[in-house]
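Residue numbers (this note's numbering), protein chains in the order written: chain A, 1 to 247; chain B, 1001 to 1247; chain C, 2001 to 2329; chain D, 3001 to 3329; chain E, 4001 to 4389. Even for Gly, the Cβ is constructed at its ideal location relative to N, Cα and C. Quick caveat, the model's predicted, so the values are computed rather than measured. I have placed the structure first, in the form of structure tokens, so that the comments after it can refer back to it.
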Amino acid sequence: MVSVAVKNLSYEVNGVHILNDISFTHSSGLLMIIGPNGAGKTTLLRALAGLVKFRGSVELDGVRPEEYRRYISYVPAQPSLDLMARGLDVALAMNYRPPDGLWRERFLEVLGRFGLGGLANRPVISMSSGEQRLLLLAAALSRDPRLLILDEPTAFLDVTNRTKVIELLQELAGDGVSVVVATHDIEYTAVADNVAVLKSGRLVSFGPPREALSEELLSDVYGISIRRVDRNTPSYMPELLLKRFSK
Amino acid sequence: MVSVAVKNLSYEVNGVHILNDISFTHSSGLLMIIGPNGAGKTTLLRALAGLVKFRGSVELDGVRPEEYRRYISYVPAQPSLDLMARGLDVALAMNYRPPDGLWRERFLEVLGRFGLGGLANRPVISMSSGEQRLLLLAAALSRDPRLLILDEPTAFLDVTNRTKVIELLQELAGDGVSVVVATHDIEYTAVADNVAVLKSGRLVSFGPPREALSEELLSDVYGISIRRVDRNTPSYMPELLLKRFSK
Amino acid sequence: MRAGQLRWLAPPILLALASLASVSIGPYSRVGLPQLVDLMVGHDIPSTYFYIIVYRLTRTAAAIVLGVSLASAGASLQYTLRNPLVDPYLAGVASGALLGVTLMIYLGRVGFLELYAAAMAGGLLTLALVTVVSSLAGGGASTFLITGVAASYLLSGLTMFLMIDLGPRLPGALYWMFGSVAFVTANILEKSAAVAAASLAGLLLLARKVNTFMLGDEVARSLGVNVSLVRALSFLLASSATSAVVAMSGPVGFIGLVSPWLARRMYGSNFTTVLPAAATIGATLTVLSDIAARLVIYPSEAPLTAVTSVFGAPLLVYILLKSRSEGSW
Amino acid sequence: MRAGQLRWLAPPILLALASLASVSIGPYSRVGLPQLVDLMVGHDIPSTYFYIIVYRLTRTAAAIVLGVSLASAGASLQYTLRNPLVDPYLAGVASGALLGVTLMIYLGRVGFLELYAAAMAGGLLTLALVTVVSSLAGGGASTFLITGVAASYLLSGLTMFLMIDLGPRLPGALYWMFGSVAFVTANILEKSAAVAAASLAGLLLLARKVNTFMLGDEVARSLGVNVSLVRALSFLLASSATSAVVAMSGPVGFIGLVSPWLARRMYGSNFTTVLPAAATIGATLTVLSDIAARLVIYPSEAPLTAVTSVFGAPLLVYILLKSRSEGSW
Amino acid sequence: QVQVINRKLSDISSSVSNINSTVMSEVSSRLANESEYLGELLSQLNTSVSSQVAKIRGEVSGLEASIGFPVAIVDALNQTVYVPSMPHRVVTLDPASTEIALAVGAAGQLVGVDNDSLVYLPPPFNYTINKLYQNGSVASIGSTWSSPSVEAILALRPDLVIGTAGWGYNNYIASVLSQYGIPVLLLPSSSSLSDVYKSIIMVGEATGHVKDAVSIVENDSAIVDSLESRLHGLPEVRVAIILWVNPTYVAGGGTFQDNLITLGGGVNAFANSSGWPVVTAEELLEVNPQVIILMSNGGLFNESYLIQWLNSSIGPAYKNISAIASGRVYLVEGWYESVLSEPSVLAPYGALLIAEILHPQAFNISSLPSVISPSTLGVPGVNLEGGPA
Ligand SMILES: Nc1ncnc2c1ncn2[C@@H]1O[C@H](COP(=O)(O)OP(=O)(O)OP(=O)(O)O)[C@@H](O)[C@H]1O
Ligand SMILES: Nc1ncnc2c1ncn2[C@@H]1O[C@H](COP(=O)(O)OP(=O)(O)OP(=O)(O)O)[C@@H](O)[C@H]1O
Ligand SMILES: [Mg+2]
Ligand SMILES: [Mg+2]
């Protein structure tokens, strides 16, 4: 169980403030970061993965991200893979310092869950958008990380695969892996252990979804009225869209 | 109003059948193509944009795509932009054969709708994933196309911007632009004039959403049970997820 | 706004000043700026002075044609092949031209026009060969890269074999290899300028299409740009402009590689802007280098590539260091 | 399975055969395989025969060291800088070494060890300079590219100035430029091999880290790979291996560029596989080229670069055309 | 005493070999076709004489060796080259070394020369070396413009290798050969006559022909001395030597040609530059030489080519160049080219040649031909057919 403790995190580039004095502690399980485009989600993930120089502190299991990288798997939203590399090449590259000899089995197992075992021997360039994402997810998991950082893991995925990914992340969280995910699929926040809501580089809410989220907060953060779709399921949808649907 | 007429379209690469004997006619408005990852959505869009050599025929307003390119804007799911280019550079490049001098105004107007006027003078590399998508959308629209082909235009977008994009597409469709979109956001199909459902390279359903879609069909196509979330709104959600939410 | 205008005016003004200097400075010390002014205001000057001015004008014009051609060719190839390491000689035209020249010297045929024709023929044949093979092999960007590199090596390999056999005649070929505009005659300049101008006009016509390459092949094609054709055409035009100036002055280095970098650094990514900007920068650098070539080891004419490199490289590094924080390379 | 094993066994077997041929074949036809066998089984052979065999062995070993070093350096740089046009001389070590050699010749200090030391020093100083400037300028991949190119041009420009002053002494510098393993002495081979081996060992140790570059800088860094450091180290190690062999045999071209391409084509993207594969292919190509270099214009020695280029380029184009349909370039 | 014996022995040696080569070959050519029997007899006689000659030669060189060897010579790289005994298998690496070796009388010891020596040597050395090559006693080791084959040299089992330091791959070859215990003598690469003299003496010492070497140097310096007195008091003429046109290479200061110009009573128009600068037509107009000496490069160039080039650059302004205005452009052809470009044994004749061109009146030449070649202009002391007497 890796705890993620962020204290007074700020980040700016060329005088533009991207992240502003962010503090929270996520002690275990699945953390979902939501917020509008440009809110700073990706930047926050990169800070957690030790990829940017920031002010303030981040501690993963008590140490700085740089020292914890051995145990982190990070998948960016738009990775720039070598398009000629085959699936197994990508997984091997991810396991450049293999903790054990089982990475290949784990990789193939995850691919298998999505019915994509065939990707192992195909070059990235021949894969569909969704297949590329799942390949990278499988490669990231093959490292057997303690902390998994995923930027928009459900983008490009169909509903089935999205669901399977959410399932997988919950399983991992259950197995003691800490998972931090940035996403725009606010309806999935229901399954998170913690939710962090960013707006213009500030943390406006943090905590378990039932406490941290509300129609008011979301409407405020996203700038349009957002309603729970159905009182039985804690899913949210913009009112505008709801109206359109019922026209 | 550009009609899109596809007849017996098939496509294969290295002996793998990617598209199989697809026929449909979309006479105007917004067409949404849905289907699982790897179903062939992107391939179909590329065929419509005249980017692949296929068997069968595609007619846009009666002519082959190659002859219609002048009027098409196509935005792929994962474009490979020059990361040093600034927003306006990208728009100018898109308007390499400008129909009129108004492309810049149109470009800035669309950016403005998303509150992103500042992107015009920033290099692509400094933009967030969502901002990059919207930049490209604005650039594509600045061409004033008659046919707009978008691969997963809502990926990486927050709910607000997704809604705005859907709104925008509906508006365009209303203004006589034909819009063909591949998407995984099945809940938005409700606003489409036509829906095409692909599974393993075959067209399994086509028509206005209320006719072409059903819980049974979607459950069959995606391989998991999918239910309408709320009888008042025609939104769909996997049952598995629904269960998880209500646990 | 003032600074903005300056940014646009600076290159042409610099080029004009450099050209003026180039016509005023030379080993024949009795002809300088005063004599030039005399000539321009219509005063009588000795005919010898007049001819010297004409000679320097020819040489300056050659430097401009050279700089414009190499920089434009370099910019076009860097854009269409999306690789900043590409220089105008990618297609192997320099190696082809050198092979032509070496062969002629080897055969003992050293007429100016013979050498020129051999260089031109060598360059153009190479170019044609590379284009055909690349197209047969699919016509992708990396195919052009690989075939061009292979051709360059093959032809310079063959040239080496000939050079070995040249014996004491080697220096004649060698200096040609280093490049110079000191020996360009009006006759040859005309021919090269015509070919280069036609090629550059073609590149200019293609500029808006080439500009779409920054969107990626896929998007560019969707816009109706025939990406393979434009790539092949740019390759042909850029290389034929290069061929024309190589035949005239030998393969002068650095200009074609670095001018597009500088232009991009100053004017952004737009190819329609970068192309003329690179051309102007290239011409200015070449004219200045040629002035230096006359002076730096006077009375000997320094090889132009030596000068462009020795003066250009520190400039490049300076700009690189300056732009460090901006992270835009 | 058989075909799979063959794919792995072919390169080392080919290298072994090529090396055997290299020791058995030479212009002195009285020494061939039978004499080699005689020597190995302990029979007496004339001392001249023995010398010839020792000479050929030295030269074969030099070719192997050269091929392995250039191919490994090329592969490492192409991977870490993610640019297939990069060759082992990117850092300008060849230009630096050539400047060293030319300077010594210019100063009239032409002792063999002096020249070797000057070449080595020139290469290593250049390398150090480029690394320092690149690091100051941020250490990105393109910074290394640009600084290296700038240094190459600067140093070859300076060399040209010296060269045109060399006159009849020019061939000494010039043919050093063309490269050869014909003049490698055991003494120098030892030194170069030691430096190259140490550098290559370093590259081998880095191989798994370099392999992560295919995931993009961002992901590689997240894995705990210090991307800038690994890039700078690879650059240093690859260039110092190159320096070592350049000082020994001059800047032999083509091998370092093309061996990684062939290795990738045959063995996929994995750097941990491509590195040794490229090394073996590079060594084989070099040994074969060297055999040709002795024979092709006997009794003269052909420049090795001429041979690698003339024989290698068609091979490259052939492979390119063959792989056309597979679209994997 | 030793010297006297030595001189006697070499007298015998040379007279015997004279009999052998001149008399016998003449007799045989006249008589051979008269009857087969006579021919056979003559060839028998020939062989017996040659074997006797060889025997005497062997004794002579044995004696010589016992007197002069071993020798230790400090070469151009300041390394001591040790020649243990009279070398009999000598290989030379470039034309200059071959010429010197032939001049000091080591022709009989040569077993290998570079290919360029077979092509570029002036007479009489070109006759000698080509005869040796044709009758198989000397092999080619390859061209210096590429590089000779080390294996070809090793295969000749040389006991001495001579080359010019810094020329082609010579230094590299030297270091490889020394690995196999073969002495390699590297001569200074000459930029003046004194370097040439030094080289001649070194080769003489290493091959056991010191006396001949000394007498060549004496003869050479005598020519230069007499030239000096003959030119005494004459005005210096400003001259440009053009080695190649378009690009136009001229001889600058500090070069071998510069040295010849000075000795020939002229001043180099490009003396203020070093090496072999490349100059433009504008430059030529500026320095305005009174005389232009143009190398034909084996027929590649001539005066009209030069004028064509000048005219295409600076137009009719070229007519103001003093040498052209006064018609003093001279084209050098034939083996005179190598005399003016190769720093070697014949260098003093190069100085003589230049003196004749610059100051014809001092040599009583009334009309100087515009093409300077062995057939149009003689040099005092030079046999036009076969080179220097
Ligand atoms: N160099 C820069 N100059 C100005 N703004 C910058 C620069 N770099 C990043 N930004 C801005 O920082 C903001 C945060 O970016 P980030 O990628 O973290 O957002 P995000 O929350 O991940 O957005 P998205 O949901 O679109 O992925 C964006 O608005 C981006 O435009
Ligand atoms: N060269 C190839 N060899 C084998 N299969 C290929 C090749 N190229 C494409 N495919 C397959 O074709 C299928 C269709 O791809 P396409 O990109 O059209 O899917 P998609 O519906 O857009 O998927 P996604 O929703 O993930 O974007 C994918 O399963 C892909 O793996
Ligand atoms: Mg993001
Ligand atoms: Mg797709």
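Can you pull the DSSP bridge partners for residue i?
{"i": "T4092/E", "result": "V4113/E and I4162/E"}
{"i": "Y4330/E", "result": "I4293/E"}
{"i": "E12/A", "result": "H17/A"}
{"i": "M32/A", "result": "V181/A and V195/A"}
{"i": "F54/A", "result": "Looking at the DSSP assignment, F54/A forms no beta bridge with any residue, so it has no partner."}
Compare the C-beta of residue i against all C-beta atoms of chain B and say whether one is closer than 8 Å.
{"i": "S23/A", "result": "no"}
{"i": "L2215/C", "result": "yes"}
{"i": "G112/A", "result": "no"}
{"i": "E131/A", "result": "yes"}
{"i": "M159/A", "result": "Here residue 159/A turns out to be Val, not Met, going by the sequence shown. With 8 Å as the cut-off, V159/A counts as an interface residue toward chain B."}
Taking only beta-carbon positions, decide if residue i is within less than 8 Å of chain D.
{"i": "Y4336/E", "result": "no"}
{"i": "S3985/E", "result": "An answer regarding residue 3985/E cannot be provided, because it is not within the stretch 4001 to 4389 covered by chain E."}
{"i": "L4384/E", "result": "In this prediction, L4384/E has a pLDDT of 49, which is less than 50 and means its spatial position is unreliable; nothing more can be read from the coordinates."}
{"i": "R162/A", "result": "no"}
{"i": "R4157/E", "result": "yes"}
{"i": "Y96/A", "result": "yes"}
Which residue comes first and which comes last in the beta strand (DSSP E) that contains residue i?
{"i": "F24/A", "result": "V16 to H26"}
{"i": "N4268/E", "result": "G4266 to N4268"}
{"i": "V3227/D", "result": "Premise fails: V3227/D lies in the alpha helix (DSSP H), V3227 to S3249, not in any beta strand (DSSP E)."}
I'd like to know if residue i contacts chain C, where contact means its C-beta is closer than 8 Å to some C-beta of that chain.
{"i": "V3317/D", "result": "yes"}
{"i": "V4074/E", "result": "no"}
{"i": "A3292/D", "result": "no"}
Using a Cβ cut-off of 8 Å (strictly closer), state whether residue i contacts chain E.
{"i": "S2955/D", "result": "Residue numbering for chain D in the displayed model covers 3001 to 3329; residue 2955/D lies beyond these limits and cannot be assessed."}
{"i": "G2100/C", "result": "no"}
{"i": "T2284/C", "result": "no"}
{"i": "L2154/C", "result": "no"}
Are any of the Cβ atoms in chain A nearer than 8 Å to that of residue i?
{"i": "G3268/D", "result": "yes"}
{"i": "D1082/B", "result": "no"}
{"i": "Y3028/D", "result": "no"}
{"i": "N1121/B", "result": "no"}
Over the uninterrupted alpha helix (DSSP H) stretch that includes residue i, give me the two end residues.
{"i": "M2040/C", "result": "L2033 to M2040"}
{"i": "L213/A", "result": "L213/A -> no alpha helix (DSSP H), and no H or E assigned at all."}
Identify every run of the beta strand (DSSP E) within the stretch 136 to 201 of chain A, keeping only runs that are complete inside it and at least 3 residues long; order them along the chain.
Here the runs fully enclosed are 147 to 151, 178 to 182 and 194 to 199.
So, does the stretch 4313 to 4326 of chain E touch the stretch 2039 to 2057 of chain C, judging by three or more C-beta pairs under 8 Å?
Contact annotation: the stretch 4313 to 4326 of chain E touches the stretch 2039 to 2057 of chain C, with at least three C-beta pairs closer than 8 Å.
I want to know whether the stretch 119 to 139 of chain A touches the stretch 80 to 94 of chain A - three or more CB-CB distances under 8 Å.
Segment contact: the stretch 119 to 139 of chain A against the stretch 80 to 94 of chain A, three or more CB-CB distances shorter than 8 Å; contact assigned.
Are three or more beta carbon pairs between the stretch 2214 to 2230 of chain C and the stretch 2149 to 2162 of chain C nearer than 8 Å?
Short answer: they don't touch.
Every unbroken beta strand (DSSP E) inside the stretch 4159 to 4233 of chain E [3 residues or more]:
Listed in chain order, they are 4160 to 4164 and 4184 to 4187.
Hey, is the stretch 2230 to 2250 of chain C in contact with the stretch 2030 to 2040 of chain C, meaning 3+ C-beta pairs nearer than 8 Å?
Contact check between the stretch 2230 to 2250 of chain C and the stretch 2030 to 2040 of chain C: fewer than three CB pairs, one atom from each, fall below 8 Å, which does not count as touching.
Could you say if the stretch 1009 to 1021 of chain B and the stretch 1049 to 1056 of chain B meet the contact criterion of at least three C-beta pairs nearer than 8 Å?
Three or more beta-carbon pairs separated by less than 8 Å link the stretch 1009 to 1021 of chain B to the stretch 1049 to 1056 of chain B, which places the two stretches in contact.
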